[in-house]
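Throughout, this note's numbering is defined as the position within the sequence shown, counted from one, plus 14. Just so it is clear, CB atoms sit at the ideal spot from N, CA and C, and this is done for glycine as well. The structure presented is a predicted model; accordingly, all values stated were derived computationally and were not measured.
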Amino acid sequence: MPLTMAREGERSSIKRIGGKEEIRRFLGTLGFVVGGDVTVVSRIGGNVIVNVKDSRVAISKEMASKILV
């Protein structure tokens with residue numbers, strides 16, 4: 015399921031990252047890698063705030079929909 019559907023506070027493992035190579039590379043620099051853990055902290059206006067690799071990151075709904083957990 016896409017990260018946008020994950021429950022707040024629930025730890026999930028990243029299974030796949032979709033999109034163009036440029037998007038996958040950008041998400042990788044933020045710490046979104048296959049096999050990594052991610053936790054949704056909150057949602058604000060469709061955007062998602064997550065904890066990934068001990069950092070808090072805000073990403074757009076479009077970016078979050080490319081991350082499958």
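Item to complete: Could you tell me which of Lys29, Leu44, Val71, Glu76 sits nearest to Val55, measuring between CA atoms?
Response: Position 41 of the sequence shown, counted from the start, is the residue given in the question as residue 55. Closest by alpha carbon: Val71.
Worksheet item: Who are Glu24's beta bridge partners in DSSP?
Response: Taking the sequence shown and counting its residues from 1, one reaches residue 24 at position 10. None; Glu24 has no bridge partner.
Worksheet item: So, Ala78 versus Val62, is the Cβ gap smaller than 8 Å?
Response: Counting from 1 along the sequence shown, the entry for residue 78 is found at position 64. Counting from 1 along the sequence shown, the entry for residue 62 is found at position 48. Yes; because the gap between Cβ atoms is below 8 Å, this pair is in contact.
Discussion item. For the alpha helix (DSSP H) containing Thr11, name the first residue and the last one.
Written reply: Outside the modelled stretch of the chain, which goes from 15 to 83, sits residue 11, for which no answer is possible.
Worksheet entry | Straight-line Cα distance separating Gly42 from Ala31 | Along the sequence shown, read from residue 1 onward, the residue named residue 31 stands at position 17. Along the sequence shown, read from residue 1 onward, the residue named residue 42 stands at position 28. Note that residue 31 corresponds to Ile in the displayed sequence, not to Ala. Roughly 9 Å between the two C-alpha positions.
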